[in-house]
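To keep things clear, I will list the structure first and then write my remarks on it.
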Amino acid sequence: MITFFIALAILFVGYKVYGSYVEKTFGIKEERTTPAYASQDGIDYVPMGKKRNSMIQLLNIAGVGPIFGPIMGALYGPVAFLWIVFGSIFAGAVHDYLTGMISLRNNGAHLPQLAEKFLGRSLRHVVNGFALLLLLLVGTVFVTSPSNMINNLFDGNATTLTIVIFGIFAYYILATLLPVDKIIGRIYPFFGALLMISAIGIAVSLFAQGYKIPEMTLTNMHPDGLPIWPLLFFTISCGALSGFHATQSPIISRTTMKESNGREIFYGMMIVEAVIAMIWAGAAMAIFEPGELLGLIQTGTPALVVQEVATLMLGSIGGTLAILGVIVLPITSGDTAFRSARMIIADYMKVAQKKFSSRLWIALPLFAISYVLTNMDFQMLWQYFNWANQTTAVIALFVGSMYLYIKGRNHYIALIPGTFMLYAVWFYILTAPIGFKMDGVIPYVIATIGTITLLVLFHMRAKAMRAQNMECDVPVKDVA
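Numbering (the UniProt record's numbering), first residue to last: 1 to 480.
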């Protein structure tokens, strides 16, 4: 387990060292009034403490992504650890921190508004569409995956599954419509404790029971021979880099009390999510051979792997608690996915959310569409989710890069990972079965031309906006 422990140590050092550098590069202002106070409304803008916000942020961003993704990524072997560790430190955590803090500086604005401000008005409509598509896919995935796990746990049938799905939707409706501190703010700390107990239980069992996690090798171990590039970077998203997080961070930017809380809330919780991803990827590699693991995934989705791992390592009682901890993850991301979608539509249509009826008529159509999507094949749904997810991450990283460039700070901390994933997004959609199914040299050429073209346009706009001395931060007045 040398590779595993070194990876965990690098994640810790990354938070302490690189996280501090990112915070310094952004430049926090402790005296600045945050949206939680400046726009306090008792619904979405509500001041909450750092620990509470950190736990909510973790549960918001850590759906089944840092479990299902790493389990499927484990098919490639230990090379998956490299993307989890370095992807989270240099891409995912930077992405989360910048989107959270730029939103905080812009009165809790969501990604479509930030994209319009920093990348151009025409992009607002595109990003609105992408964000809503992503949130609907996330919400749907985070209905089907926990319902399947609950159904497997209690050996249910189709009727039981339908009841569970409706039960999850009922909770989502309440969490989407009620003030953020009434359900989410109160129960998330308990859910968070269950999550951490389950992850720690698996990690301790890996060590105590003498399991052997494969040591680092760049060999592709995937039984079907699927290529590492670019599939690994889309298979493991939430455990390394995820655009979904850019839709969640503004929720917490509206409840953050001080800017200095941002590093723990946004950067730190991404690192914690990477640790969770490492644990489940390591467990999958330690217990199953790649061929056996692939068979389980194809038989019952990664939910079946979760059940097998938890029961084998922790016994029936401990395994059930661990499974419940895993079930918590998608449910506590699905609810905020729909909440984010409701807030984005409200901001786009300029509909105040103080009245319950205003929240209701926006939210109900979202749930109706999501229910229809639950009938899609999970593997197909996951592929579309991953592409939309990483495309959104690219947009968010370029927003962060533009913000830093205009302020004359090191924008490369966002531009480099953004450019890498931009090329990957191009290449994936050109070659994937859900895309254009190209092969040979053509997708490389198109992806290169597309990436370079967008980079040139980005730098042209960045120089123009810096020359205009654009105001990056929305002025706020002090609130007593």
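No residue lacks a Cβ here, since even glycine has one placed at the ideal position from N, Cα and C. Please read these numbers as outputs of a predicted model, since none were measured by experiment.
Give me, in chain order, the residues of the same chain whose beta-carbon lies closer than 6 Å to that of residue i; leave out the 5 immediate sequence neighbours on both sides.
i: Tyr-423; result: Ala-447 and Thr-451
i: Arg-339; result: Thr-176
i: Tyr-348; result: Asn-128
i: Gly-267; result: In the sequence as displayed, the identity of residue 267 is Tyr instead of Gly. Closer than 6 Å at the Cβ level, and outside the excluded window around Tyr-267, lie Gly-19, Ala-93 and Tyr-97.
i: Val-476; result: Thr-33 and Ala-38
i: Gly-435; result: Ile-429
i: His-222; result: Leu-75 and Tyr-76
Comparing C-alpha positions only, which one of the options sits nearest to residue i?
i: Leu-98; options: Ala-346, Thr-160 and Lys-24; result: Lys-24
i: Leu-194; options: Val-476, Glu-471 and Ile-327; result: Ile-327
i: Ala-284; options: Ala-80, Lys-51, Thr-256 and Arg-32; result: Ala-80
i: Met-72; options: Thr-374, Val-305, Val-474 and Met-376; result: Val-305
i: Asn-53; options: Asn-152, Leu-397 and Pro-189; result: Pro-189
i: Leu-11; options: Val-164, Met-270, Ser-103 and Pro-35; result: Met-270
i: Ser-454; options: Ile-197, Leu-119, Ile-165 and His-245; result: It is worth fixing the name first, because residue 454 is Leu in this sequence and not Ser. It is Leu-119 whose Cα lies nearest to the Cα of Leu-454.
i: Val-219; options: Pro-290, Ile-331, Phe-154 and Ala-158; result: What sits at residue 219 in the sequence shown is Thr, not Val. The shortest Cα separation from Thr-219 among Pro-290, Ile-331, Phe-154 and Ala-158 belongs to Pro-290.
i: Glu-31; options: Ile-449, Leu-82 and Met-257; result: Met-257
i: Ile-103; options: Ser-253, Phe-154 and Ile-43; result: According to the sequence provided, residue 103 is Ser. The question's Ile does not apply to it. Comparing Cα positions, the closest option is Ser-253.
i: Ala-337; options: Ala-363, Ser-357, Leu-312 and Gly-325; result: Ala-363
i: Ser-237; options: Tyr-412, Ile-28 and Phe-385; result: Phe-385
i: Val-180; options: Thr-159, Arg-461, Arg-359 and His-459; result: Arg-359
i: Ala-303; options: Val-143, Ile-200, Ala-393 and Pro-365; result: Val-143
i: Ile-287; options: Tyr-371, Gly-400, Ile-187 and Gly-210; result: Gly-210
i: Thr-419; options: Ala-432, Pro-433, Asp-439 and Thr-392; result: Thr-392
i: Val-17; options: Phe-90, Val-399, Gly-139 and Glu-471; result: Phe-90
i: Met-376; options: Leu-136, Ala-62, Gly-14 and Ile-442; result: Leu-136
i: residue 482; options: Ser-147, Asn-389, Lys-354 and Met-196; result: The question about residue 482 has no answer here: the residues shown for the chain are numbered 1 through 480.
i: Val-46; options: Lys-182, Leu-8 and Leu-161; result: Lys-182
i: Val-126; options: Tyr-444, Ile-395 and Met-470; result: Ile-395
i: Lys-29; options: Ile-202, Ser-260 and Pro-330; result: Ser-260
i: Cys-472; options: Gly-14, Gly-27, Val-13 and Ala-432; result: Gly-27
i: Gly-42; options: Lys-355, His-222, Asp-439 and Tyr-444; result: Lys-355
i: Thr-374; options: Gln-468, Ala-62 and Ile-165; result: Ile-165
i: residue 485; options: Met-48, Arg-263, Thr-301 and Asn-151; result: Residue coverage of the chain in this structure runs from 1 to 480, which leaves residue 485 outside it and unanswerable.
i: Phe-68; options: Val-141, Phe-398 and Ile-163; result: Val-141
i: Leu-366; options: Ile-442, Lys-463, Ala-346 and Val-13; result: Ala-346
i: Met-48; options: Lys-350, Val-138, Ile-184 and Ala-464; result: Ile-184
i: Ser-370; options: Ala-62, Ile-442 and Gly-334; result: Gly-334
Going by DSSP, name the residue or residues bridged to residue i.
i: Met-48; result: Thr-256
Enumerate in chain order the residues of its own chain whose CB-to-CB distance from residue i is below 7 Å, with the five nearest sequence positions on each side excluded.
i: Gly-282; result: Phe-4, Leu-206 and Ile-213
i: Ile-6; result: none
i: Ile-344; result: His-110, Pro-112, Asn-128, Ala-131 and Leu-132
i: Pro-250; result: Ser-103, Gly-108, Ala-109 and His-110
i: Ile-413; result: Val-22, Thr-25 and Val-94
i: Ile-323; result: Met-149, Leu-153, Val-306, Gln-307 and Ala-310
i: Leu-415; result: Ser-401
i: Ile-84; result: Pro-70, Ile-236, Gly-239, Ala-240, Ala-274, Ala-277, Met-278 and Ala-281
i: Val-272; result: Leu-58
i: Asp-44; result: Val-180, Arg-254, Met-343 and Gln-353
i: Ala-9; result: none
i: Phe-191; result: Leu-59, Val-328 and Thr-332
i: Phe-398; result: Leu-119, Gly-418 and Phe-458
Identify, in the order they occur along the chain, each residue of the same chain with its Cβ nearer than 8 Å to the Cβ of residue i, setting aside the five sequence neighbours on each side.
i: Pro-78; result: Thr-3, Ile-213, Pro-214, Glu-215, Met-216, Thr-217 and Met-285
i: Lys-117; result: Asn-106 and Ala-109
i: Leu-174; result: Ile-183
i: Ala-101; result: It should be noted that the sequence gives Met, not Ala, for residue 101. Cβ within range, chain order: Phe-26, Ile-28, Ser-253, Glu-259, Gly-262 and Phe-266.
i: Ile-202; result: Ile-279, Trp-280, Ala-283, Val-309, Ala-310, Met-313, Leu-314 and Ala-322
Next on the checklist: Using 8 Å as the cut-off, can you tell me whether the region 231 to 249 makes contact with the region 420 to 434, which would need three or more C-beta pairs spanning the two stretches below that distance?
Outcome noted: Verdict: yes, contact present.
Checklist entry - Okay, do the region 288 to 295 and the region 125 to 137 touch, 3+ Cβ pairs below 8 Å being the bar? => result They do not touch, by the three-pair rule.
Checklist entry - Taking one C-beta from the region 214 to 230 and one from the region 401 to 410 each time, how about it: are there three or more such pairs within less than 8 Å? => result The region 214 to 230 and the region 401 to 410 do not touch, with fewer than 3 CB-CB distances between them shorter than 8 Å.
Next on the checklist: Quick check on the DSSP output: what are the complete beta strand (DSSP E) runs of length 3 or more inside the region 225 to 296, in order along the chain?
Outcome noted: For secondary structure counted as the beta strand (DSSP E) over 3 or more consecutive residues, the region 225 to 296 holds no complete run.
Item to check | Sequence ranges, alpha helix (DSSP H) only - wholly within the region 144 to 198, length at least 4 | outcome: For the region 144 to 198, whole alpha helix (DSSP H) runs of length 4 or above, ordered along the chain, are 158 to 177.
Item to check | Whole runs of the alpha helix (DSSP H) within the UniProt domain "CstA N-terminal" (3 to 159), excluding any shorter than 4 residues | outcome: Listed in chain order, the complete alpha helix (DSSP H) runs (minimum 4 residues) inside the UniProt domain "CstA N-terminal" (3 to 159) are 35 to 38, 50 to 61, 65 to 73, 79 to 87, 93 to 105, 111 to 119 and 121 to 153.
Checklist entry - Does the region 46 to 63 touch the region 269 to 282, meaning 3 or more C-beta pairs lie closer than 8 Å? => result The region 269 to 282, when compared against the region 46 to 63, does touch it at the 8 Å Cβ threshold.
Checklist entry - Is it true that the region 112 to 123 meets the region 304 to 323, where meeting means three or more beta-carbon pairs spaced less than 8 Å apart? => result For the pair of segments examined, the region 112 to 123 was found not to touch the region 304 to 323: the number of CB pairs separated by less than 8 Å stays below three.
Checklist entry - Can you find at least 3 beta carbon pairs, one from the region 153 to 173 and one from the region 33 to 43, that sit closer than 8 Å? => result For the pair of segments examined, the region 153 to 173 was found not to touch the region 33 to 43: the number of CB pairs separated by less than 8 Å stays below three.
Item to check | alpha helix (DSSP H) runs contained entirely in the UniProt domain "CstA N-terminal" (312 to 423), provided each spans 4 or more residues | outcome: Qualifying alpha helix (DSSP H) stretches, in chain order: 356 to 373 and 378 to 406.
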